[in-house]
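As you go down the protein sequences, you meet chains Y and X in turn.
Residue numbering for the first sequence is 825 to 1112, as defined by my numbering.
Residue numbering for the second sequence is 145 to 395, as defined by my numbering.
Working notes, structure below.
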Amino acid sequence: MKPITVNPQLHEDGQSTSIISRIWRIPALLAGGIMLAVLVLLAIFIPFISPHDPTGQDLSAFLQPPSAKHWLGTDQLGRDLFTRLIYAARTDLTIMVLAEIIPFCTGVLLGMIAGYYGKWLDSVISLLTDTFIAFPFYLIVIIVAFASGAGQRGIYITFMLVGWIVFARVTRGLTASFRQQEWVASAQTLGLPGIRIILRHILPNVLPQAIVVLMTDMVGLLVAIVTLGYLGIGIAPPTPDWGTMISDGQPFITTAWWLSAVPGLAVVYVGIALSLVGDGLADLWRKK
Amino acid sequence: MMAIRPVLEIDALSLAAKSNKKLVDNVSFSLSKGETLGLVGESGSGKSLTLRAILGILPRGIEQVGGTVKNEERSAMVFQDPRGSLDPLCPVVKQLTEVVYYRQRLSRRASRKAALELLHMLGLPASLQTSDRYPSQLSGGQCQRVVIAMALACKPGILLCDEPTTALDVTVQKQIMETISALQVELGFAMVFVTHNLAIAAAMCSKLCVMKEGKIIEQGNTLSLLQNPQNPYTQMLMNSVLPVPELEGSD
Chain Y
825 MKPITVNPQL HEDGQSTSII SRIWRIPALL AGGIMLAVLV LLAIFIPFIS
875 PHDPTGQDLS AFLQPPSAKH WLGTDQLGRD LFTRLIYAAR TDLTIMVLAE
925 IIPFCTGVLL GMIAGYYGKW LDSVISLLTD TFIAFPFYLI VIIVAFASGA
975 GQRGIYITFM LVGWIVFARV TRGLTASFRQ QEWVASAQTL GLPGIRIILR
1025 HILPNVLPQA IVVLMTDMVG LLVAIVTLGY LGIGIAPPTP DWGTMISDGQ
1075 PFITTAWWLS AVPGLAVVYV GIALSLVGDG LADLWRKK
Chain X
145 MMAIRPVLEI DALSLAAKSN KKLVDNVSFS LSKGETLGLV GESGSGKSLT
195 LRAILGILPR GIEQVGGTVK NEERSAMVFQ DPRGSLDPLC PVVKQLTEVV
245 YYRQRLSRRA SRKAALELLH MLGLPASLQT SDRYPSQLSG GQCQRVVIAM
295 ALACKPGILL CDEPTTALDV TVQKQIMETI SALQVELGFA MVFVTHNLAI
345 AAAMCSKLCV MKEGKIIEQG NTLSLLQNPQ NPYTQMLMNS VLPVPELEGS
395 D
């Protein structure tokens, strides 16, 4: 068969710039990324940076102000605050990431299924999300944390129960709007199986938005983890955690205010970093 | 002129929205092998809905309330907006390969080879094969060629074209129309061609149906219909377009 007409002009607009050079042009993403990287690197290498033991007590040197030996001072049991702060980042950030994985996957998948197939499937999934949203989030968190006993398990269970909802809602809406677009109708008429359209074509299109939502959702989850620790139903001492550190420092707020302020600021720091990354990623994908 | 055996027969098709408003009312036509039928009319006259009813992809909230669609052959559709009918985040060659893989049941490698052959047949440049091109990197005309290639990958007996040239430049329109005509001669599929452009319809189709507000108000052989329009709406439609070439040369 011979070609009929040839129109060899290809459009080369803007796609030639690589991902890395595009990231450089988004300050929010860069700043957030660096903030997160600094904390993660510290958390990984803290055993080599600090000579102190996060749980080792030294009652002769309690409530010391910041000094060259103890960068952020010591707490009421003489433990080095900086060391504990970074070890707490290990605990809290690990839980934060692990507790998001399963809800993220199930939420995105259920949202796409609801948005794509519609009808009764959509009704069932929407009913579930609306029911869960009607309950105050912290009420569920505290009830489940109490029921499952103190520790990380409560957080994981709660988040598997309610964490998927926000992702399901976002992807459902997006998928339903893609459903109205011609390329989905076109793929259907061309005979591609529904599951293939969902995984190969709809997923890449909803993923950017879902990841931006993931970033903000992780901030909320981190605050929940810290809140539970503060209330004494989260991570149990002596494991370092920002929430228990804030409540431990509370009695000394007038004499050694940094004991509570520093872990509080650490939460704010992570919150800002994740929000910047989320904003930056949204910018990055919008420009495309 | 009697058709031998129609490949597509639509009998008294009626479509309605949930509010019971009739959008397509009592539409009938038939199409035999290798024939081209044009559906002409203004926007909102129910042309596209009729096509979607043939494929069974009516938008949510619109239902078939009467009539039958008898479809003897596989059908595939070319949509109006070429870029909108391709997944923006998937390289075009992959999308085409995927259709070949699912419809022709070849191996992955053979599918890709068949896909590249189709692209070549549609006159797309070889640079598409060597690097991953996304729909946003192609021109509108190239996207429409890819879309047509995807439709042809289904090996359709009937090609449904929903204003395939409306979103394109005039010069590209002509190229695409020539491509479609040449492919029709070569592959012998029947075609339903929806357009609001009477000149394009006259050039492409042997039979015409003029639609208005969901009804066919006039249908027949293209030449006789255009030379001697009975319905005032058809006359108005003809007067509203620039001179139709066939008419000027016919006497």
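For each residue, glycine too, the CB sits at the ideal point set by N, CA and C.
Here the structure is a predicted model, which is why all the values come from computation and not from measurement.
Within chain Y, the residues that residue i reaches when beta carbons sit closer than 8 Å
i	result
Leu230 of chain X	Trp1007 and Ser1010
Leu199 of chain X	Thr1013
Ala118 of chain X	There is no way to answer for residue 118 of chain X, as the model of chain X reaches only from 145 to 395.
Met294 of chain X	Ser1010 and Leu1014
Under 8 Å between C-beta atoms of residue i and residue j
i	j	result
Ala969 of chain Y	Thr982 of chain Y	yes
Ser368 of chain X	Thr180 of chain X	no
Leu1038 of chain Y	Phe928 of chain Y	yes
Met221 of chain X	Ala295 of chain X	yes
Ile206 of chain X	Leu193 of chain X	yes
Leu230 of chain X	Trp1007 of chain Y	yes
Ile858 of chain Y	Ile1049 of chain Y	no
Thr366 of chain X	Ala346 of chain X	yes
Leu1105 of chain Y	Leu853 of chain Y	yes
Val336 of chain X	Leu183 of chain X	yes
Gln273 of chain X	Val329 of chain X	no
Glu332 of chain X	Glu217 of chain X	Note that residue 332 of chain X corresponds to Gly in the displayed sequence, not to Glu. No, the pair does not count as a contact, with Cβ atoms beyond the cut-off.
Ala1009 of chain Y	Ile1021 of chain Y	no
Phe223 of chain X	Val291 of chain X	yes
Arg993 of chain Y	Thr1040 of chain Y	no
Val1036 of chain Y	Gly987 of chain Y	no
Asp1107 of chain Y	Ile937 of chain Y	no
Ala1000 of chain Y	Val932 of chain Y	no
Ser172 of chain X	Leu304 of chain X	no
Thr241 of chain X	Ala270 of chain X	no
Gly284 of chain X	Pro226 of chain X	yes
Gly190 of chain X	Met355 of chain X	yes
Leu883 of chain Y	Leu901 of chain Y	yes
Val965 of chain Y	Leu1052 of chain Y	yes
Thr879 of chain Y	Pro1062 of chain Y	yes
Contacts that residue i makes with chain X (C-beta to C-beta distance below 7 Å)
i	result
Thr999 of chain Y	Per Cβ cutoff of 7 Å: no residues; Thr999 of chain Y is ~13 Å from chain X at best.
His894 of chain Y	Ordered by position in chain X, no residue passes the 7 Å Cβ test against His894 of chain Y, which lies about 52 Å from the chain.
Contacts that residue i makes with chain X (C-beta to C-beta distance below 9 Å)
i	result
His876 of chain Y	Here the premise fails: no neighbours, minimum Cβ distance about 49 Å.
Partner residues on chain X for residue i, Cβ-Cβ distance less than 8 Å
i	result
Gly1015 of chain Y	Val243, Tyr246, Arg247 and Cys298
Chain-ordered neighbours of residue i on chain Y, where CB pairs are closer than 7 Å
i	result
Leu233 of chain X	Pro1028 and Asn1029
Asp225 of chain X	Glu1006
Beta-carbon neighbours of residue i, restricted to chain Y and to distances below 9 Å
i	result
Phe337 of chain X	Chain Y residues near Phe337 of chain X: none, gap ~17 Å exceeds 9 Å.
Supposed close pair residue i, residue j - CB separation, criterion 8 Å
i	j	result
Asp313 of chain X	Val338 of chain X	The Cβ separation is near 20 Å, so there is no contact.
Pro1087 of chain Y	Leu860 of chain Y	About 17 Å separates the two Cβ atoms, so there is no contact after all.
Ile360 of chain X	Cys353 of chain X	5 Å
Glu362 of chain X	Asn375 of chain X	4 Å
Leu268 of chain X	Gln286 of chain X	6 Å
Leu887 of chain Y	Ala1085 of chain Y	Contact flag wrong, Cβ pair sits at about 14 Å.
Met1042 of chain Y	Glu924 of chain Y	6 Å
Leu998 of chain Y	Val948 of chain Y	Rounded, the Cβ-Cβ distance is 19 Å, inconsistent with contact.
Asp899 of chain Y	Asp1065 of chain Y	About 13 Å separates the two Cβ atoms, so there is no contact after all.
Handout entry: Segments of 4+ residues assigned as alpha helix (DSSP H) that fall wholly inside the segment 246-329 of chain X
Key = 252-265, 271-274 and 284-297
Problem - Segments assigned beta strand (DSSP E), at least 3 residues, entirely inside the segment 989-1023 of chain Y - result: none
Problem - Complete alpha helix (DSSP H) runs within the segment 829-901 of chain Y (minimum length 4 residues, chain order) - result: 843-848 and 851-873
Problem - Within the segment 1046-1109 of chain Y, ranges of the alpha helix (DSSP H) (whole runs, at least 4 residues) - result: You should have 1066-1073.
Exercise for the section: Please determine if the segment 860-868 of chain Y and the segment 901-913 of chain Y are in contact, where contact requires at least 3 C-beta pairs separated by less than 8 Å. Expected result: yes
Problem - Three CB pairs or more closer than 8 Å across the segment 164-184 of chain X and the segment 1088-1102 of chain Y - result: no
Practice task
Could I get the ranges of all uninterrupted beta strand (DSSP E) runs contained in the segment 340-366 of chain X, with 3 residues as the minimum, in chain order?
Solution key: 351-356 and 359-365
Handout entry: Any 3 or more C-beta pairs closer than 8 Å across the segment 208-220 of chain X and the segment 157-175 of chain X
Key = yes
Problem - Inter-stretch contact (C-beta, 8 Å, three-pair minimum) for the segment 941-955 of chain Y and the segment 877-894 of chain Y - result: No contact exists between the segment 941-955 of chain Y and the segment 877-894 of chain Y.
Problem - Residue ranges of each alpha helix (DSSP H) within the segment 169-238 of chain X, 4 or longer - result: 191-199
Practice task
Could you tell me whether the segment 161-172 of chain X touches the segment 322-335 of chain X, using the rule of 3 or more Cβ pairs below 8 Å?
Solution key: Touching, no.
Problem - Entirely enclosed beta strand (DSSP E) segments - the segment 909-982 of chain Y, minimum 3 residues - result: none
Exercise for the section: Determine, using beta-carbon pairs with one atom in the segment 268-286 of chain X and one in the segment 223-239 of chain X, whether at least three such pairs fall under 8 Å. Expected result: yes
Practice task
Count the C-beta pairs between the segment 842-856 of chain Y and the segment 866-881 of chain Y that are closer than 8 Å, then say yes if the count reaches three, no if not.
Solution key: no
Handout entry: Segment contact, 8 Å Cβ cut-off, at least three pairs: the segment 236-246 of chain X with the segment 1013-1023 of chain Y
Key = yes
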